Amino acid sequence: MSSHTEKKIILDTNQILAAGSRWVDPLYHNSNSTAQELLRVIARSHRGMFCPKIMAEYVEKLLEKGHPKERVAKLIGLLLGAFEMVTVTSKTCSPVPADPDDVMFVLCAIDGAADFIVSSDKHLLDLDGAYAAFRILSSEGASIELGISVSN
């Protein structure tokens, strides 16, 4: 395992949704899902990365799923403070993900020189190994890679 080496990581929106926003409220501090622990470990010990389009999608999907605006704002504030913004200049990637919404994650990984993208999206996971510079891992795979053990 390479948990001692700082990794550059991009979280797909489904990982943010899995972590939810409830844990940013002190009343729910004891919740400890794999997604939440992964988010904590990345924020504390690694370099989480995003581009403006990714952050906008995080906000949009959290609000669509009914998360209270105050918690969404707090979560996004935490991410903005703990993660690094990537300026995406690449226009294309090969192979192109089947879902056009996934392209921004791949381009961000390319331009941010990410080690991996974490996703539960089958279309993205099917592309693991297709890009020379980074991997696409499930939350379980990323947890193993980062040396995280969490029981749900």
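Position one of the sequence shown corresponds to residue 3 (my numbering), numbered consecutively onward. We put the CB at the ideal spot given by N, CA and C, even for glycine. As the structure is a computational prediction, the values presented were derived from the model and not from experiment.
(request) Tell me whether D103 is buried or exposed, calling it buried when 16 or more other Cβ atoms sit within 10 Å of its Cβ. (result) exposed
(request) Would you mind reading off the limits of the alpha helix (DSSP H) that contains F107? (result) 105–113
(request) Indicate whether I112 and S92 have their beta-carbon atoms separated by less than 8 Å. (result) yes
(request) Given a cut-off of 8 Å, decide if M51 and I11 are closer than it, judged by their beta-carbon atoms. (result) yes
(request) State the start and end residues of the unbroken beta strand (DSSP E) segment that holds K10. (result) 10–13
(message) Between I138, I44, S35, E142, which has its C-alpha nearest L81's C-alpha?
(response) I44
(request) Would you check if the distance between the CB atom of E8 and the CB atom of R49 is smaller than 8 Å? (result) yes
(request) Let me know the secondary structure DSSP gives I119 once reduced to three states. (result) strand
(message) Tell me the rounded alpha-carbon separation between S35 and E66.
(response) 21 Å
(request) Kindly indicate the opening and closing residues of the alpha helix (DSSP H) around I56. (result) 54–66
(message) Can you tell me whether S151 is buried or exposed? The criterion is at least 16 other CB atoms within 10 Å of its CB, across all chains shown.
(response) exposed
(request) Using only alpha-carbon positions, find the residue among H69, G149, M57 that is nearest to V88. (result) M57
(message) The beta strand (DSSP E) that contains L1, what's its start and end?
(response) Residue 1 falls outside the range modelled here, since the chain spans only 3 to 154, and no answer is possible.
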